[in-house]
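I have placed the structure first, in the form of structure tokens, so that the comments after it can refer back to it.
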Amino acid sequence: MGRQDQQLQVLNALDAAKTQWYHFTAIIVAGMGFFTDAYDLFCISLVTKLLGRIYYTDPASPTPGSLPPNIAAAVNGVALCGTLSGQLFFGWLGDKLGRKSVYGMTLLLMVICSIASGLSFSHTPTSVMATLCFFRFWLGFGIGGDYPLSATIMSEYANKKTRGAFIAAVFAMQGFGILAGGVVTLAMSAGFQAAFPAPAYEVNAAASTVPQADYVWRIILMLGALPAILTYYWRMKMPETARYTALVAKDAKQASSDMAKVLQVEIEVEEEKLQDITRGRDYGLFSARFAKRHGAHLLGTAATWFLVTQNLFQKDIFTSIHWIPKARTMSALEEVFRISRAQTLIALCGTVPGYWFTVFLIDIIGRFKIQLLGFAGMTAFMLGLSIPYHHWTMPGNQVIFVFLYGFTFFFANFGPNATTFIVPAEIFPARLRSTCHGISAASGKAGAIIGAFGFLYAAQPQDKAHVDAGYKPGIGVRNALFVLAGCNLVGFLMTWMLVPESKGKSLEEMSGEADDEEASANGGAIAVNSSGVEMV
1 MGRQDQQLQV LNALDAAKTQ WYHFTAIIVA GMGFFTDAYD LFCISLVTKL
51 LGRIYYTDPA SPTPGSLPPN IAAAVNGVAL CGTLSGQLFF GWLGDKLGRK
101 SVYGMTLLLM VICSIASGLS FSHTPTSVMA TLCFFRFWLG FGIGGDYPLS
151 ATIMSEYANK KTRGAFIAAV FAMQGFGILA GGVVTLAMSA GFQAAFPAPA
201 YEVNAAASTV PQADYVWRII LMLGALPAIL TYYWRMKMPE TARYTALVAK
251 DAKQASSDMA KVLQVEIEVE EEKLQDITRG RDYGLFSARF AKRHGAHLLG
301 TAATWFLVTQ NLFQKDIFTS IHWIPKARTM SALEEVFRIS RAQTLIALCG
351 TVPGYWFTVF LIDIIGRFKI QLLGFAGMTA FMLGLSIPYH HWTMPGNQVI
401 FVFLYGFTFF FANFGPNATT FIVPAEIFPA RLRSTCHGIS AASGKAGAII
451 GAFGFLYAAQ PQDKAHVDAG YKPGIGVRNA LFVLAGCNLV GFLMTWMLVP
501 ESKGKSLEEM SGEADDEEAS ANGGAIAVNS SGVEMV
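Start counting the sequence shown at 1; every next residue gets the next number (the UniProt record's numbering).
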């Protein structure tokens, strides 16, 4: 029996479906979690600068206040820790209860915690930071759940011809989140500056941070919830994916009924064929069969995602090359405006185009080649920044540095930052797809945590005289860039050895669920009892 004949009609219909309106609706609805994620990560680095000015400034000091190292690490890192936890938990839950069953929980959690972050209680530094960190952890937890669920839902809805582009488009909503964060921050800081003008810190330390600045960071954080609120209704209306309903829940009638409504075609109910297809395939994540068939793939997706090195501390690099003036020469709101303008420019020129290059080319070039190209490009441009680093710090050279730095973000997003999200949603069996994507994503977030905290400390100058208050000397920005280049090179090698190409293949071909041999693995040593449970 050929693969096409063996496959369920409902799955063949999904694989062959023309691009329809429901595909675009799914992209927007599934992408709102990533919009919120990117918006939050973009804004929090700006918020930390402002929080340092508001709550930790000593007017007698020659420089404005900044968050103590442990507080800065907590505020920046606690959401990442929450995201890692959410990826693992909701990834597992998505395979146990169904994609749709837990999909609304993640969005609701993001909305509530985005708003609550801005309403962090009291005005004392300790209470504000404690409540901010608490809500940011649970915000990250909800965002984490969106990674495996959105990727899995989009992969299981899409046709095989344009599946890569659809999943990439969901991930590319991060680009809109970054731009929205930039626009909101620029508008808020500029508006409050105009309404409440303030002198530079070196002119009048006490007056450089107006009391109204406390509203700025709160409003910025809360506005990130708005797009998620607007899509909640449509997320709840989405039917369960046919692949989960058929291959995991084993309900052929419901799968055919749901997809007949979505595709607007008649789909035959094939109960007997479903029993034949799913018989003997219920091996688990920790089984020898999974390790043999998918162990190397899981290692590859987890390791390469771990090695994607995009740091969250652009503001430190911009300051080190003197593209942004010293903090003492600006008021608090002017500093927020200048940093957000710089980061928005990088996003507009490098980050966002990279996402959409992936969307348009991934089903032409393929995942494997784009990931290799991305890691290679990031390695090359990181070396181009680090080897002549002293040259870039000289007056007049900053524009070229920023141009090259923008290319590292371009190749991250036209490369592994996007493909490591896409591939795990395509190559694992339906009953373990969300779990394996969650594991891969959690590995990537673990790398981001190490990179974020590591860069925060490592990028400190080697000269004690220039180290930020509360920090110890590090290896400097130049050497930190060398480390990032090395990580990207290892990512290139791991991709070459462990990551398969899934372009143009059905999910069942990639996972082995379409193989005639799969049900009789290990030379026919598998039998099935009357209840369908695998017996070895």
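Quick reminder that beta carbons are idealized off the backbone N, C-alpha and C, glycines included.
Taking Val-170 as the reference, give the member of Thr-152, Val-183 and Ala-180 with the closest Cα.
Along the sequence shown, read from residue 1 onward, the residue named residue 170 stands at position 170. Comparing Cα positions, the closest option is Thr-152.
I need the straight-line Cα distance from Val-483 to Ala-180, nearest angstrom please.
Within the sequence shown, the letter at position 483 stands for residue 483. Within the sequence shown, the letter at position 180 stands for residue 180. Cα to Cα, Val-483 sits roughly 31 angstroms from Ala-180.
Using only alpha-carbon positions, find the residue among Arg-279, Gly-31 and Val-210 that is nearest to Pro-199.
Translated into the one-based positions of the sequence shown, residue 199 becomes position 199. Val-210 is the residue among Arg-279, Gly-31 and Val-210 whose C-alpha sits nearest the C-alpha of Pro-199.
Taking the Cβ atom as the reference point for each residue, do Ala-190 and Val-359 lie within a distance shorter than 8 angstroms?
Mapped onto the sequence shown, residue 190 falls at position 190. Mapped onto the sequence shown, residue 359 falls at position 359. The Cβ atoms of Ala-190 and Val-359 lie no closer than 8 angstroms to each other.
Among the residues of its own chain, which have a CB less than 7 angstroms from the CB of Ala-260, if the five just before and after it don't count?
Counted from its first residue, the sequence shown places residue 260 at position 260. Hits under 7 angstroms: Glu-266 and Ile-267.
Leaving aside the five residues before and after Thr-19 along the sequence, list all residues of the same chain whose C-beta is less than 8 angstroms from its C-beta, in chain order.
Here the question's residue 19 lines up with position 19 in the sequence shown. Counting only Cβ-Cβ distances below 8 angstroms, and skipping sequence neighbours, we find Asn-159 and Thr-162.
Could you tell me which of Ile-449, Gly-175, Ala-249 and Ala-288 sits nearest to Gln-348, measuring between CA atoms?
Position 348 of the sequence shown, counted from the first residue, corresponds to residue 348. Reading the sequence as shown, one finds Leu at residue 348 and not Gln. Of the residues Ile-449, Gly-175, Ala-249 and Ala-288, the one whose Cα lies closest to the Cα of Leu-348 is Gly-175.
Quick one: Cα of Tyr-457 to Cα of Asp-146, how far?
As a position in the sequence shown, residue 457 is number 457, starting the count at 1. As a position in the sequence shown, residue 146 is number 146, starting the count at 1. If you take the alpha carbons of Tyr-457 and Asp-146, they lie about 30 angstroms apart.
Assuming contact is defined by CB atoms lying nearer than 8 angstroms, are Gln-87 and Ala-303 in contact in what I supplied?
Residue mapping note: residue 87 aligns to position 87 of the sequence shown, counting from 1. Residue mapping note: residue 303 aligns to position 303 of the sequence shown, counting from 1. Not closer than 8 angstroms, so no.
Distance check for Cys-436 and Val-269, CA to CA, integer angstroms please.
As a working mapping, residue 269 is identified with position 269 in the sequence shown. As a working mapping, residue 436 is identified with position 436 in the sequence shown. Roughly 29 angstroms separates the two Cα atoms.
Identity of the residue in Gln-193, Leu-41, Val-499 and Thr-408 nearest Val-336 by Cα
The residue you call residue 336 lines up with position 336 of the sequence shown. If we check each option's Cα against that of Val-336, Gln-193 comes out closest.
Can you check which of these residues, Phe-381, Tyr-157 and Cys-43, is closest to Phe-403 by C-alpha distance?
For this step, residue 403 is matched to residue 403 along the sequence shown. The shortest C-alpha separation from Phe-403 is found at Phe-381.
Does Trp-217 pass the burial test, meaning 16 or more other C-beta atoms within 10 Å, or should it be called exposed?
Here residue 217 refers to the residue found at position 217 of the sequence shown. By the 10 Å Cβ count, Trp-217 comes out buried.
Using C-beta distances below 7 angstroms, list every residue in its chain close to Gly-454, excluding the 5 sequence neighbours before and after it, in chain order.
Your numbering for residue 454 matches position 454 in the sequence shown. Cβ within range, chain order: n/a, list empty.
May I ask you to report which of helix, strand or coil DSSP gives Leu-432?
For the purposes of this step, residue 432 is taken as the residue at position 432 of the sequence shown. When DSSP states are grouped into helix, strand and coil, Leu-432 belongs to the coil group.
Counted within 10 angstroms of its Cβ, other Cβ atoms place Arg-53 as buried (16 or more) or exposed:
Taking the sequence shown and counting its residues from 1, one reaches residue 53 at position 53. Arg-53 counts as buried, since no fewer than 16 other beta carbons sit within 10 angstroms of its beta carbon.
If we ignore side chains and look at the alpha-carbon of each, how far apart do Gln-275 and Phe-306 end up?
Along the sequence shown, one-based indexing puts residue 275 at 275. Along the sequence shown, one-based indexing puts residue 306 at 306. In this structure, the alpha-carbon of Gln-275 lies about 38 angstroms from that of Phe-306.
Just to confirm the assignment, what range does the alpha helix (DSSP H) spanning Asn-159 have?
In the sequence shown, counting from the first residue as 1, residue 159 sits at position 159. It is not in any alpha helix (DSSP H) - Asn-159 carries neither H nor E in the DSSP assignment.
Between the alpha carbons of Gln-398 and Thr-185, how many angstroms are there, rounded?
In the sequence shown, counting from the first residue as 1, residue 398 sits at position 398. In the sequence shown, counting from the first residue as 1, residue 185 sits at position 185. Note on geometry: alpha-carbon atoms of Gln-398 and Thr-185 lie some 23 angstroms from one another.
Can you tell which of Cys-487, Leu-361 and Gly-438 has its C-alpha closest to the C-alpha of Lys-503?
Within the sequence shown, numbered from 1, the residue matching residue 503 stands at position 503. Nearest Cα to Lys-503 within the set Cys-487, Leu-361 and Gly-438: Leu-361.
Identify whether Phe-313 lies in helix, strand or coil by the three-state DSSP scheme.
Working through the sequence shown from its first residue, we reach residue 313 at position 313. Note that Phe-313 scores 49 on pLDDT, short of 50, meaning its location in the model is unreliable; the coordinates nonetheless yield the value given after this. Three-state DSSP puts Phe-313 in coil, outside helix and strand.
Report, in whole angstroms, the separation of the C-beta atoms of Ile-370 and Phe-414, which I expect to be a contact under 8 angstroms.
As a position in the sequence shown, residue 370 is number 370, starting the count at 1. As a position in the sequence shown, residue 414 is number 414, starting the count at 1. Sure, about 7 angstroms apart at Cβ, within 8 angstroms.
Out of Gly-366, Leu-481 and Arg-328, which one is the CA nearest neighbour of Pro-59?
Taking the sequence shown and counting its residues from 1, the one referred to as residue 59 is at position 59. Looking only at Gly-366, Leu-481 and Arg-328, the smallest Cα-Cα distance to Pro-59 is reached by Arg-328.
Can you find at least 3 beta carbon pairs, one from the stretch 282-292 and one from the stretch 486-495, that sit closer than 8 angstroms?
Three or more Cβ pairs closer than 8 angstroms define a contact, and the stretch 282-292 falls short of that threshold against the stretch 486-495.
Thr-241 - DSSP class collapsed to helix/strand/coil
Taking the sequence shown and counting its residues from 1, one reaches residue 241 at position 241. Secondary structure of Thr-241 (DSSP, three-state): coil.
If you measure between the beta carbons of Pro-429 and Glu-513, is that distance less than 8 angstroms?
What you label residue 429 is simply residue 429 of the sequence shown in a count that begins at 1. What you label residue 513 is simply residue 513 of the sequence shown in a count that begins at 1. Going by C-beta atoms, Pro-429 is nearer than 8 angstroms to Glu-513.
Nearest-angstrom Cα distance between Ser-117 and Ala-17?
Stepping through the sequence shown from its first residue, residue 117 is reached at position 117. Stepping through the sequence shown from its first residue, residue 17 is reached at position 17. When rounded, the distance between both Cα atoms is 42 angstroms.
Rounded C-alpha distance that separates Pro-197 from Phe-135
For this step, residue 197 is matched to residue 197 along the sequence shown. For this step, residue 135 is matched to residue 135 along the sequence shown. Pro-197 and Phe-135 have their C-alpha atoms spaced approximately 31 angstroms apart.
Taking Cβ positions, are Leu-149 and Ser-434 nearer each other than 8 angstroms?
Here residue 149 is taken as the residue at index 149 of the sequence shown, counted from 1. Here residue 434 is taken as the residue at index 434 of the sequence shown, counted from 1. Taking the C-beta atoms as reference points, Ser-434 is found nearer than 8 angstroms to Leu-149.
Coarse secondary structure for Ala-194, derived from DSSP in three states
For the purposes of this step, residue 194 is taken as residue 194 along the sequence shown, with counting starting at 1. Assigned with DSSP and collapsed to three states, Ala-194 falls in helix.
At the level of alpha carbons, what is the spacing between Leu-247 and Arg-431?
Taking the sequence shown and counting its residues from 1, the one referred to as residue 247 is at position 247. Taking the sequence shown and counting its residues from 1, the one referred to as residue 431 is at position 431. If you draw a straight line from the Cα of Leu-247 to the Cα of Arg-431, it comes to about 7 angstroms.
Alpha-carbon spacing of Val-203 relative to Leu-333, whole angstroms
Locating residue 203 in the sequence shown gives position 203, counting from the first residue. Locating residue 333 in the sequence shown gives position 333, counting from the first residue. Spanning the two alpha carbons is a distance of roughly 15 angstroms.
What three-state label does DSSP hand Gln-371 in the structure shown?
As a position in the sequence shown, residue 371 is number 371, starting the count at 1. Helix.
I need the straight-line Cα distance from His-123 to Leu-223, nearest angstrom please.
As a first step, residue 123 is located in the sequence shown; it is residue number 123 there, counting from the start. As a first step, residue 223 is located in the sequence shown; it is residue number 223 there, counting from the start. If I take the Cα positions, the gap works out to 21 angstroms.
When the distance is taken between beta carbons, is Leu-80 closer than 8 angstroms to Ala-448?
Position 448 of the sequence shown, counted from the first residue, corresponds to residue 448. Position 80 of the sequence shown, counted from the first residue, corresponds to residue 80. With a cutoff of 8 angstroms on beta-carbon distance, Ala-448 and Leu-80 are scored as near each other.
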